[in-house]
Amino acid sequence: MFCETLARDACPCVLADIDQCRCCSLLMGKEFCQCDYPGVCVYEKQRWEEKQPLSAHDQVVAVFPFQTTTGAVLHWGKSALLTPGDTLVLHQTGQEPVSGVVLQTYPEQQLAYLLITGHFFALSLGAPITIKQEHNVFGNDAVYLSNTAGQSVLIFADTDLLPALTTLSDGLKKQGAHVQLLSLNENWPAEMADLLIFISQNKETLSQALKHLPLRNKSHSAFWFTK
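Heads up: the sequence shown begins at 102 in the numbering used here, then just goes up one per residue.
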């Protein structure tokens with residue numbers, strides 16, 4: 102993936118600290134180097150060079166386009182208070198507000214990773230923004246996602262949402278959960294998990310998938326219908 106700061110003084114940026122580097126597979130959390138050496142080793146720079154600090158103001162640090170959604174890394178001083186599913190409304194002068202849902206937080210860096218449905222993302226990177234926290238998309242079931250340490254978790258989602266939702270899966274794993282990310286079209290696992298998370302753009306698709314849910318299932322469940 103192209104990165105405009107590659108080999109510049111700002112590289113590596115804060116994305117390297119949260120396994121979201123655009124270029125280095127090792128700094129994406131992968132086991133092997135797959136960068137095909139673009140003329141600079143970002144991993145070595147990360148190990149030996151001092152990183153450039155972010156500006157203090159709230160801002161969008163990076164944007165990651167997916168098939169039907171957009172991922173965005175947000176720098177916000179209150180990010181440590183967020184939980185997966187929290188909705189944030191971002192506003193920048195001269196732009197329409199943008200709403201995103203928290204998938205993972207990085208308290209040490211004061212960062213949060215948001216999922217924004219749709220292709221359009223109008224906010225300028227690095228420019229000051231104002232942020233308003235609203236409801237949690239999982240409603241009262243959000244409590245089940247706040248502490249998943251030692252639990253087994255199955256995330257079922259629309260196939261085109263799966264690439265964007267790996268960040269949610271990774272965040273729950275960092276809490277100490279055992280997580281599987283599956284398509285709603287796949288066969289159900291032989292064993293149910295402690296927590297079942299369903300994410301879909303279509304209630305009918307989800308209704309069809311739930312027909313295969315075993316009777317007397319004792320798992321907790323959380324639902325998010327994206328728009």
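Cβ atoms here follow ideal geometry from the backbone N, Cα and C, with glycine treated the same way.
Bear in mind that the values here come from a model prediction, so they are computed numbers and not experimental data.
The alpha-carbon separation between Leu314 and Gly240 amounts to approximately 21 Å.
In the DSSP assignment, Glu305 falls outside any beta strand (DSSP E) and within the unbroken alpha helix (DSSP H) covering 304-311. Distance check between Val174 and each of Ala157, Gln196, Ile119, Thr184 places Ile119 closest, using alpha-carbon atoms only. Within 10 angstroms of the beta-carbon of Arg123 lie 16 or more other beta-carbons, which makes it buried. Take Lys304, set aside five residues on each side of it, and the residues of its chain with a beta-carbon closer than 7 Å to its own are Phe326, in chain order. Under the three-state reduction of DSSP output, Ser320 falls in the coil class, being neither helix nor strand.
Look at Asn241 here: in three-state DSSP terms it is helix. The alpha-carbon of Leu283 is positioned some 10 Å away from that of Leu262.
When DSSP states are grouped into helix, strand and coil, Lys233 belongs to the strand group.
Closest by C-alpha distance to Gln210, out of Val199, Gln196, Val115, is Val115. Less than 8 Å divides the Cβ of Ala250 from the Cβ of Gly277. A direct Cα-Cα distance of roughly 9 Å separates Val190 from Val202. Scanning its chain for C-beta atoms nearer than 6 Å, with the 5 sequence neighbours on each side dropped, one finds around Ser253 the residues His279, Ala294, Asp295, in chain order. According to DSSP, residue pairing for Ala213 in a beta bridge involves Leu175, Thr206. Thr188 and Asn237 do touch by the CB rule: their CB atoms are close to 7 Å apart, below 8 Å. Ser247 carries a helical assignment under DSSP once its states are collapsed to helix, strand and coil.
Ala228 and Val161 have their alpha carbons spaced roughly 7 Å apart.
Annotated as proximal: Ala323 and Tyr245, with beta-carbon spacing under 8 Å. In this structure, the CA atom of Asp159 is about 43 Å from the CA atom of Asn288. Rounded to the nearest whole angstrom, the CA to CA distance from Leu226 to Asn318 is 45 Å. Distance from the CA atom of Ile298 to the CA atom of Gly172, rounded to whole angstroms, is 19 Å. Boundaries of the beta strand (DSSP E) harbouring Pro166: 160-166, taken from the DSSP string.
Looking from the CA of Ala265, the closest CA among Lys131, Gln135, Gln168 belongs to Gln168. Here Leu215 is not near Ser180, since their CB atoms are 8 Å or more apart.
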